[in-house]
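Here's the structure we're looking at; comments come further down.
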Amino acid sequence: ESIQANAIIRFRSKQDPENPVKGDPDYNSGDLFKFFEQREWIDDIECDCSEAVITQLLLLHNLTRVIVWFSLKHDRVKIREMLKVNKKLKELTLHDTERDDPSQIFETYKALLANHPMIELFEVRQHHIDTADSTFAWKNPKEPTKMRVAITCYAGDRVQSMLQKYAPLIDSLTIEHLKASDAAVLEKSTRPKKGPLSLRWLGIHNVHLMETAVLDDLKKVILRSDIDQVMVTGSTFKAVIHLDDATTLIRSGDAGARGIAAKGGGAVSKKRDDVAEEKANAQVVEGEQPDMIRLQGFTMTGAWTQSILLYPWMERLLLSTGHGATATYLEDGRRKQILTKLTLTGSTILEEDWKRILKSLDLFQMTRIHIRQKNRLSVETLKSMIDAIPMNSPSLRQYLVDDSQVISAEISRAFEAKMKTKSEKFHTTVILQSLHMS
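Add 46 to a position in the sequence shown, counting from 1, and you land on the number used in my numbering.
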């Protein structure tokens with residue numbers, strides 16, 4: 047394997063001693079086309095043609111992976127010809143410098159991609175100054191019935207046509223900003239009459255900056271999807287208005303909030319701040335309560351000053367997916383899953399709430415529980431947590447609880463006494479404050 051400019055060339059040997067690959071007297075002259083042509087195009091090349099100096103690589107016939115700067119207006123024909131002659135091409139990434147409509151770019155090459163023997167990924171990227179690149183990817187475009195679409199979009203992206211044309215095929219959607227008109231198109235394009243949805247991953251960033259209409263439409267999409275993971279990130283802040291000669295708005299207590307619901311069928315919405323409890327309750331879709339029957343893992347980080355069980359959706363999530371969940375059936379016969387992985391960081395959990403949570407969670411069947419909370423845990427609660435550790439669980443691997451406080455002698459003795467009862471089959475790593483046992 048050798049490196050030439052922005053190209054990775056994998057030279058392959060021809061296993062035919064009676065008909066060896068010919069030499070190339072012009073290799074040193076830089077005639078790449080003739081060199082690989084005389085080698086009968088048996089080698090593989092991956093190239094990044096972001097520099098005009100090596101765009102000649104696009105003329106070769108043995109490209110397997112290509113990244114190239116692109117303009118639909120100026121490079122339409124060049125890419126078309128490259129697709130025609132490169133039958134081994136598996137991945138094509140176009141860095142769109144003109145911010146064209148991604149769906150229009152794909153439609154331009156749709157027929158060629160459908161008839162291509164090897165293509166696995168067609169991707170359009172658009173650069174932003176203050177964020178990561180937007181990406182629009184078509185996976186397995188050579189088989190339209192199996193094709194899936196992945197989108198990561200930011201403010202200013204032209205996504206309406208993408209959402210309208212490919213909504214049922216989108217299996218991964220990450221949004222930092224979405225206009226109300228675009229969200230409405232997404233909601234309309236994912237209605238049941240459009241057929242089953244492919245959506246498995248949804249990431250929503252800066253949720254606190256999104257319009258209520260956008261959030262309402264996203265919730266409808268989530269509730270009708272057979273989704274695996276929902277991730278929501280945002281900021282919490284308190285707003286104070288000072289009425290003086292120059293009215294100003296001051297935001298204080300800025301902190302990040304992040305939540306992931308894995309294997310779930312419902313939304314996990316981050317609330318803006320504690321004084322906006324009315325707004326928080328409004329995040330529940332009226333008349334629809336997601337059962338999230340496939341919910342198996344939940345992760346949430348952020349500064350939460352109120353106890354998490356004060357939020358109805360958190361109470362429902364934590365108290366309805368533990369003991370007895372496997373015996374709970376919905377009207378259509380579907381069975382609820384056990385919550386097996388739980389991570390809460392920066393949360394506030396009151397003493398009385400811990401009693402309810404410990405009774406609900408099925409620690410015997412869980413695989414991981416990580417709790418790092420803000421408020422101090424009492425000796426009584428810590429003892430309850432120690433008593434709740436299943437010493438014969440075949441599945442629990444990690445049990446961590448920490449409030450960053452110094453452990454007391456009483457708790458140390460209780461912990462040591464509990465650990466003395468473990469058997470040879472005990473495979474759980476237990477971390478309680480500064481105490482550790484595995």
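A virtual CB, placed ideally from N, CA and C, is assigned to each residue, including glycine.
Measuring only the C-alpha atoms, how far is residue 105 from residue 276? In the sequence shown, residue 105 corresponds to position 59, counting from 1. In the sequence shown, residue 276 corresponds to position 230, counting from 1. Approximately 43 Å between the Cα atoms of the pair.
Helix, strand or coil for residue 469? Go by DSSP, reduced to three states. Here the question's residue 469 lines up with position 423 in the sequence shown. Three-state DSSP puts residue 469 in coil, outside helix and strand.
Alpha carbon to alpha carbon, how far is residue 478 from residue 258? Give it in angstroms, no decimals. Locating residue 258 in the sequence shown gives position 212, where the first residue counts as 1. Locating residue 478 in the sequence shown gives position 432, where the first residue counts as 1. The alpha-carbon atoms of residue 258 and residue 478 are separated by roughly 41 Å.
Rounded to a whole number of angstroms, what is the C-alpha to C-alpha distance between residue 431 and residue 402? Translated into positions along the sequence shown, residue 431 becomes position 385. Translated into positions along the sequence shown, residue 402 becomes position 356. So the two alpha carbons sit approximately 12 Å from each other.
Pairs of beta-carbons, one from the segment 382 to 398 and one from the segment 337 to 356, closer than 8 Å: are there three or more? yes
Extent of the continuous alpha helix (DSSP H) run through residue 495: Residue 495 is absent from the model: the chain starts at 47 and stops at 484.
Using 9 Å as the threshold, is the C-beta distance between residue 232 and residue 263 below it? Position 186 of the sequence shown holds residue 232. Position 217 of the sequence shown holds residue 263. It is a contact, given that the beta carbons lie within the stated cut-off.
CB contact flag (residue 91, residue 136, <9 Å): To locate residue 91, count along the sequence shown from 1; it is residue 45. To locate residue 136, count along the sequence shown from 1; it is residue 90. Against a cut-off of 9 Å, the Cβ pair of residue 136 and residue 91 comes out as no contact.
Nearest to residue 148 by CA position, among 132, 121, 206, is which residue? In the sequence shown, the residue the question calls residue 148 occupies position 102. The shortest C-alpha separation from residue 148 is found at 206.
Distance check for residue 221 and residue 438, CA to CA, integer angstroms please. Counting from 1 along the sequence shown, the entry for residue 438 is found at position 392. Counting from 1 along the sequence shown, the entry for residue 221 is found at position 175. Rounded to the nearest angstrom, the two C-alpha atoms are 43 Å apart.
Just how far apart, CA to CA, sit residue 348 and residue 417? Along the sequence shown, one-based indexing puts residue 348 at 302. Along the sequence shown, one-based indexing puts residue 417 at 371. Approximately 12 Å, taken between the alpha carbons.
Are residue 154 and residue 180 close, meaning C-beta to C-beta below 9 Å? Taking the sequence shown and counting its residues from 1, the one referred to as residue 154 is at position 108. Taking the sequence shown and counting its residues from 1, the one referred to as residue 180 is at position 134. No.
Could you tell me the alpha carbon to alpha carbon distance between residue 414 and residue 281, rounded to whole angstroms? Walking along the sequence shown from the start, residue 414 turns up at place 368. Walking along the sequence shown from the start, residue 281 turns up at place 235. Rounded to whole angstroms, residue 414 to residue 281 spans 27 Å at the Cα level.
Checking the sheet assignment: what are the DSSP bridge partners for residue 274? As a first step, residue 274 is located in the sequence shown; it is residue number 228 there, counting from the start. Bridge partners of residue 274: none, in fact.
From this set, 142, 152, 158, which residue's C-alpha is nearest residue 128's C-alpha? Locating residue 128 in the sequence shown gives position 82, counting from the first residue. It is 158.
Applying the criterion that 16 or more other CB atoms from any shown protein chain within 10 Å of the CB defines a buried residue, is residue 237 buried or exposed? Mapped onto the sequence shown, residue 237 falls at position 191. Burial call: exposed.
Would you kindly report the start and end of the unbroken beta strand (DSSP E) that includes residue 397? Your numbering for residue 397 matches position 351 in the sequence shown. It is not in any beta strand (DSSP E) - residue 397 instead sits in the alpha helix (DSSP H) that spans 397 to 406.
Specify the secondary structure class of residue 114 as computed by DSSP and reduced to three states. Counting from one through the sequence shown, the residue named residue 114 turns up at place 68. The answer is strand: DSSP assigns residue 114 an E or B state.
Does the distance from the CB of residue 185 to the CB of residue 146 come in under 9 Å? Here residue 185 refers to the residue found at position 139 of the sequence shown. Here residue 146 refers to the residue found at position 100 of the sequence shown. Contact: no.
Give the straight-line distance between the Cα atoms of residue 408 and residue 364, rounded to the nearest whole angstrom. Indexing the sequence shown from 1 puts residue 408 at position 362. Indexing the sequence shown from 1 puts residue 364 at position 318. Whole-angstrom Cα-Cα distance: 11 Å.
Spatial distance of residue 175 from residue 244 (CA atoms): Within the sequence shown, numbered from 1, the residue matching residue 175 stands at position 129. Within the sequence shown, numbered from 1, the residue matching residue 244 stands at position 198. Roughly 31 Å between the two C-alpha positions.
In the DSSP assignment, find the alpha helix (DSSP H) that holds residue 359 and state where it starts and stops. As a working mapping, residue 359 is identified with position 313 in the sequence shown. Its alpha helix (DSSP H) spans residues 358 to 365.
Whole angstroms are fine: how far does the CA of residue 248 sit from the CA of residue 223? In the sequence shown, counting from the first residue as 1, residue 223 sits at position 177. In the sequence shown, counting from the first residue as 1, residue 248 sits at position 202. When rounded, the distance between both Cα atoms is 13 Å.
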